[in-house]
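*Asks:* Chains as they are written, first to last, in UniProt numbering: chain L, 1 to 212; chain H, 1 to 212. Built from N, CA and C at the ideal position, the CB exists for glycine as well.
There are 2 protein chains.
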Amino acid sequence: MVTGVTNTEPRRRNRRGEGGKLRDEIIAAAVALLDEGGDERAVTLRSVARKAGIAAPSIYAHFADQPSIMLAVVQQEMDRLAVALREADENAGSDAEKRLFAVCNAYLDLAQAHPQRYRIMFGGLWTPSVDDTSISDADLESLGAEALTLLADVLRACVEAGIAHGSDDLYGDAVALWLGLHGLAHQRAVVRKMPGPADVAERLIKALAHLK
Amino acid sequence: MVTGVTNTEPRRRNRRGEGGKLRDEIIAAAVALLDEGGDERAVTLRSVARKAGIAAPSIYAHFADQPSIMLAVVQQEMDRLAVALREADENAGSDAEKRLFAVCNAYLDLAQAHPQRYRIMFGGLWTPSVDDTSISDADLESLGAEALTLLADVLRACVEAGIAHGSDDLYGDAVALWLGLHGLAHQRAVVRKMPGPADVAERLIKALAHLK
DNA sequence: AGCCATAAGCTAACGGCCGTAAGTCTAGGA
DNA sequence: TCCTAGACTTACGGCCGTTAGCTTATGGCT
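#1: Got a sec: is the Cβ-Cβ distance from residue 207 of chain H to anything in chain L below 7 Å?
#2: So what does residue 164 of chain L bridge to, in DSSP terms?
#3: So which residues on chain L does residue 180 of chain H lean against when the C-beta distance must stay under 8 Å?
#4: Just curious, the alpha helix (DSSP H) that residue 193 of chain H is in, first and last residue?
#5: Please state the DSSP three-state secondary structure of residue 63 of chain L.
#6: Got a sec? Which residues, its chain only, sit under 6 Å from residue 102 of chain H by beta carbon, not counting five neighbours each side?
#7: Under 7 Å between beta-carbons, which chain H residues line up against residue 112 of chain L? List them in chain order, please.
#8: Relative to the C-alpha of residue 25 of chain H, which candidate in H:62, H:123, H:119 has its C-alpha closest?
#9: Between residue 160 of chain H and the rest of its own chain, which residues show a CB-CB distance below 8 Å, the 5 nearest in sequence each way excluded?
#10: For the alpha helix (DSSP H) holding residue 27 of chain H, just list the boundary residues, first then last.
#11: Contact defined as beta carbons within less than 8 Å: I believe residue 165 of chain L pairs with residue 210 of chain L. What is the distance between those atoms, to the nearest angstrom?
#12: Less than 7 Å between CB atoms is the rule here; does residue 57 of chain H satisfy it with respect to chain L?
#13: For residue 172 of chain H versus residue 197 of chain L, is the C-beta spacing smaller than 7 Å?
#14: So the candidates are H:180, H:150, H:186, H:184; which of them puts its Cα closest to the Cα of residue 170 of chain H?
#15: Within the 7 Å Cβ cut-off, does residue 73 of chain H reach chain L?
#16: Per the contact definition of three or more C-beta pairs closer than 8 Å, is the stretch 105-115 of chain H in contact with the stretch 52-66 of chain H?
#17: Between residue 55 of chain H and the rest of its own chain, which residues show a CB-CB distance below 7 Å, the 5 nearest in sequence each way excluded?
#18: Give a single yes or no on whether residue 201 of chain H has its beta carbon closer than 6 Å to a heavy atom of the ligand MN.
#19: Using the three-state DSSP reduction, which class does residue 44 of chain H fall into: helix, strand or coil?
#20: Secondary structure at residue 183 of chain H, three-state DSSP: helix, strand or coil?
#21: Of all the residues that make up the stretch 188-199 of chain L, which are near chain H by a beta-carbon distance shorter than 7 Å?
#22: Starting from residue 117 of chain L, trace the alpha helix (DSSP H) both ways and give me its first and last residue.
#23: How about residue 53 of chain L: is its C-beta nearer than 7 Å to some C-beta of chain H?
#24: Pick out whichever of L:123, L:68, L:167 has its Cα sitting closest to the Cα of residue 190 of chain H.
#25: Using a Cβ-Cβ cutoff of less than 8 Å, which residues in the same chain neighbour residue 33 of chain L once the five nearest sequence positions on both sides are dropped?
#26: Can you grab the Cα-Cα spacing for the pair residue 156 of chain L / residue 212 of chain H, in whole Å?
#27: Counting C-beta neighbours from all protein chains within 10 Å, is the total for residue 83 of chain H 16 or more, i.e. buried, or is it exposed?
#28: Measuring straight from C-alpha to C-alpha, what distance separates residue 133 of chain L and residue 86 of chain H?
#29: Taking Cβ positions only, does residue 38 of chain L come closer than 7 Å to chain H?
#30: Please list, in chain order, all residues of the same chain as residue 117 of chain H whose beta carbon is under 8 Å from its beta carbon, the five residues on each side excluded.
#31: Quick check on DSSP: helix, strand or coil for residue 88 of chain L?
#32: Tell me, please, whether the CB atom of residue 172 of chain H is closer than 7 Å to any CB atom in chain L?
#33: Take residue 21 of chain H and list the residues in its own chain whose beta-carbon comes closer than 6 Å to its own, dropping the five residues that flank it on each side.
#34: With a 10 Å radius around its C-beta and 16 neighbouring C-beta atoms as the bar for buried, classify residue 90 of chain L as buried or exposed.
#35: Classify residue 177 of chain L as buried or exposed, calling it buried when 16 or more other Cβ atoms lie within 10 Å of its own Cβ.
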């Protein structure tokens with residue numbers, strides 16, 4: 001596609017007090033660049049500015065530097081993911097197995113729907129200057145505290161429903177399950193054609209949830 | 001560490017007929033840059049040349065362009081990995097469970113020993129210009145054909161030894177097991193401090209191999 | 001021993017994109 | 001009216017990939 005050139009329309013300036021809107025437009029522009037199939041290298045200050053229809057230095061009013069944009073993107077997508085997982089769980093009713101597959105499939109679907117976003121979120125990189133406050137640790141624990149406890153809850157429900165073998169460490173099992181999902185999601189996001197049978201996801205989930 | 005500056009010693013030129021040696025030195029230099037903790041962006045034509053003690057254009061005698069260097073690195077490391085897995089299997093004796101853990105741990109250890117190399121191998125990216133002949137598909141099948149059949153063999157041995165529940169698709173199980181290993185290896189390579197218990201690897205392997 | 005063709009590698013330079021700093025314009029609202 | 005939020009223009013320096021042409025040491029040959 002290579003949409004380098006863009007909007008000749010000059011973009012109306014925001015009203016007074018609404019300057020903060022540009023911040024969201026910048027994030028959206030960065031996400032759009034990723035969704036066009038470009039990797040993180042395609043998200044430069046200047047390309048983001050072009051995409052958003054603004055001048056490059058205008059970004060500095062809202063972000064300290066380029067990595068900060070990526071950080072904001074990751075945080076936003078992390079939130080989206082957490083929300084999607086909770087939604088999937090709530091819409092799955094009370095059947096434990098349905099809940100399990102709903103949550104896991106929601107995770108896999110979101111990753112497959114936006115491969116580049118997923119790569120940014122969990123692929124490392126994008127953190128050249130933010131070495132100390134590296135988000136990978138902090139925000140993975142934030143998602144870890146949110147999504148992993150959700151996974152652990154679902155696993156517990158499965159055990160209590162008698163459809164899964166229990167364990168002395170459900171949180172550890174949740175981590176293992178997540179790692180399996182991550183392996184599949186990441187590989188799908190990277191190679192676009194996975195080797196192996198079509199039901200790998202089901203196999204992974206069943207095995208890691210210790211379904212009977 | 002930031003070792004930007006380097007060897008003032010001017011590097012003796014190769015003898016006649018041995019010009020090809022430089023090719024290996026270039027690959028080694030690229031790997032060294034990765035091992036220093038830099039991500040793939042640190043592997044530029046010029047930085048590789050500096051590391052190898054040569055002038056940047058000298059690379060063109062051995063590589064068509066910059067992505068070709070990364071491609072060579074990936075292929076070399078893929079081979080290393082395949083060899084390491086076979087070695088681990090052969091040194092594990094004939095006990096099926098020992099073989100299983102030996103192979104899986106060899107995979108995880110190699111990934112943890114060289115996180116950046118692992119990220120390059122399976123993290124996608126590094127292929128900006130090689131879109132059609134993208135190695136991710138071709139060489140993952142090469143490793144997929146090598147390492148995955150090895151995993152399937154070990155799984156079969158476990159089933160035949162009566163320590164694992166069988167399945168109608170051992171290759172599919174091998175893929176699932178590899179995906180779990182990959183998830184753990186990749187996550188370790190990226191965040192440097194994993195959440196969850198210390199025995200996650202064992203849990204993953206046991207669950208995905210369907211050990212009794 | 002000396003010659004000289006050639007492999008092996010170097011220097012110089014172009015154009016391009018990048019991040020960022022400094023200063024300037026302009027329209028909305030009190 | 002006129003202040004100021006919300007942008008823009010211009011510019012500097014740096015690293016990059018790549019091309020074109022030059023230098024130098026090596027080793028087979030006479």
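*Replies:* Let me spell this out:
#1: yes
#2: L:211
#3: 176, 179, 180, 183, 204, 208
#4: Looking at the DSSP string, residue 193 of chain H is not in any alpha helix (DSSP H), and its letter there is neither H nor E.
#5: coil
#6: 88, 92
#7: Within chain H, no residue comes near residue 112 of chain L; the closest Cβ sits about 14 Å away, beyond 7 Å.
#8: H:62
#9: 96
#10: 21-35
#11: 4 Å
#12: no
#13: yes
#14: H:150
#15: no
#16: no
#17: 49
#18: In the structure shown, the ligand MN is absent, as is every other ligand, since no ligand is present at all.
#19: coil
#20: helix
#21: 190, 191, 193, 195, 196, 197
#22: 115-122
#23: no
#24: L:123
#25: 42, 43, 47, 48, 51
#26: 21 Å
#27: exposed
#28: Any reading at residue 133 of chain L needs caution, since the residue's pLDDT is 42, under 50, leaving its predicted position unreliable; the model's value is listed next. Distance between the alpha carbons of residue 133 of chain L and residue 86 of chain H is about 40 Å.
#29: no
#30: 31, 34, 35, 73, 77
#31: helix
#32: yes
#33: 14
#34: exposed
#35: buried
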